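Protein sequences appear in the order of chains H and A. Taking my numbering, I'd label the letters of the first sequence as residues 1 to 205. Taking my numbering, I'd label the letters of the second sequence as residues 206 to 410. For glycine and all other residues, C-beta sits at the position ideal for the given N, C-alpha and C. Predicted model only: the values in this text are computed from it and were never measured. Notes for the one structure printed next.
There are 2 protein chains.
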Amino acid sequence: MSSSARIAVMSVTQNRRERERAQRHRLILTAARELAEAEGWEAVTTRRLAERVEYSQPVLYSHFTGKDAIVAALAQEGFTELADLLRTARTTAAAGQEGDPNSGLRAVCRAYLHFATAHPALYQAMFVLPTQLKFADQETPTPLRAAFDALVEALPENTPDREARAELLWAALHGISALSATGRIPPHGGQTRLDLLIDGIAPHH
Amino acid sequence: MSSSARIAVMSVTQNRRERERAQRHRLILTAARELAEAEGWEAVTTRRLAERVEYSQPVLYSHFTGKDAIVAALAQEGFTELADLLRTARTTAAAGQEGDPNSGLRAVCRAYLHFATAHPALYQAMFVLPTQLKFADQETPTPLRAAFDALVEALPENTPDREARAELLWAALHGISALSATGRIPPHGGQTRLDLLIDGIAPHH
DNA sequence: TCTTTCTTCTAGCGATGCTAGCCATAGCGG
DNA sequence: CCGCTATGGCTAGCATCGCTAGAAGAAAGA
């Protein structure tokens, strides 16, 4: 009976261990993110990461199946952050100036571009690093779906081809982010590009 | 005197050697490209590449300063290929149906997207792999400049903000290519997206 | 034929992601 | 309070990576 009780209630020390484990889990993730953001992903090696969290390498593998899993987890978090940012950008913009019918769309675009330039390493983990996260249709991770939905809702509700337009919008935003992150597009003129994008994507012809 | 003659005319065997060297140069590049296209860039290691060209690894370093230089050279070639493709797409489309004012633009977009999906590894080398090619302003490699110009010329000559529009067009095309290459955008509906893009980017409001 | 020069290869270095197996410590039953 | 067990962490090592030094080879000239 005592054994079944142990299983049922989970001893208090076990409880504490689990909590510590969760803390270490977070520690690894934030360390990886900081390191990547500070010196780029090529500087994030398992050894340096282990040194940074003050444990040996194998403990990383008791939390994640491998390095890929770490960046995948970080990418997931990035998607939820982005989704939140886009949502609040839209709602706060909607509260503000009522005159511009595209103010929400513009705010969302700006928020997206700002996110990409403010956290380049995280953005890279989300969009360019090799990952085996399943996207598109079928079992899309919900955070990604949420981010996309935030983009869809930036377009007026009765927009024709609303989903396709949102996909195109996403593609354009990602293209701008990716090309300017690698210096393939001039940094100046971003405002003009954004105006053109909003003007082209908003449904009014 | 004979020594100066040697320097001046370059002995015939020296000439032959140089030719063979050039052949091997090409051999390395095409082998790398084939390997990357067949199994992805992570499969392109210096050892496998050396084995494939039937030489030892160090000969690679007598042709290129390192692995990065090989993918950079390939990327350069990719840009000239892409520029050619876009140019011919525009001119042949201009010869055809005169009714559609956007036929040239549409042909160029289609050519771009086709290039990206037909040679994913090459496209990756050009746009996503870490490279220290200098882009944007100041000493842009001419092939890249040529490709961008082809995109600019796909827009009518009197287009307002023609350059900025071309940059946005490029960003959108790249975004579509990148997101669909990693399965982040559904493969179906590409036609709708393309129509929306052309409609949005062409100057008519 | 001998020598010199240029080319190519073998072998190895440091660093990577990842793992097997030992060791210590913490928690349990008596 | 003590000894056993079992869990968690670490040391050490593997295979592979990009890259290079120095030996070995071949080809050219004397």
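- Sequence-ordered contacts of the segment 139 to 165 of chain H with chain A read 161, 164 and 165 [C-beta pairs closer than 7 Å].
- Collapsing the DSSP output to three states places residue 55 of chain H in coil.
- Taken through DSSP and simplified to helix, strand or coil, residue 357 of chain A comes out as helix.
- In the three-state scheme derived from DSSP, where H, G and I count as helix and E and B as strand, residue 71 of chain H is classed as helix.
- In this structure residue 104 of chain H is buried. Its beta-carbon is surrounded by 16 or more other beta-carbon atoms within 10 angstroms.
- If you ignore the 5 residues before and after residue 385 of chain A, its C-beta comes within less than 7 Å of the C-beta of 392, all in its own chain and listed in chain order.
- The beta carbon of residue 86 of chain H is closer than 8 Å to those of 108, 111, 112, 147, 150, 151 and 154 in its chain, skipping five residues each way along the sequence.
- Each of H:203, H:198, H:127 and H:175 was checked against the Cα of residue 161 of chain H, and the nearest Cα belongs to H:203.
- Around the C-beta of residue 259 of chain A, fewer than 16 other C-beta atoms lie within 10 Å, and the residue is accordingly described as exposed.
- The shortest C-alpha to C-alpha distance from residue 335 of chain A to any of H:40, H:193 and H:167 is the one to H:40.
- Just measuring C-alpha positions, the residue of H:50, H:114 and H:35 sitting nearest residue 194 of chain H is H:114.
- Residue state for residue 332 of chain A is assigned as helix, using DSSP reduced to three classes.
- Note on geometry: alpha-carbon atoms of residue 27 of chain H and residue 64 of chain H lie some 13 Å from one another.
- For residue 94 of chain H, the CB contacts under 8 Å within the same chain, skipping 5 residues up- and downstream, are 103 and 104 in chain order.
- Interface criterion not met: the Cβ of residue 275 of chain A is under 8 Å from no Cβ in chain H.
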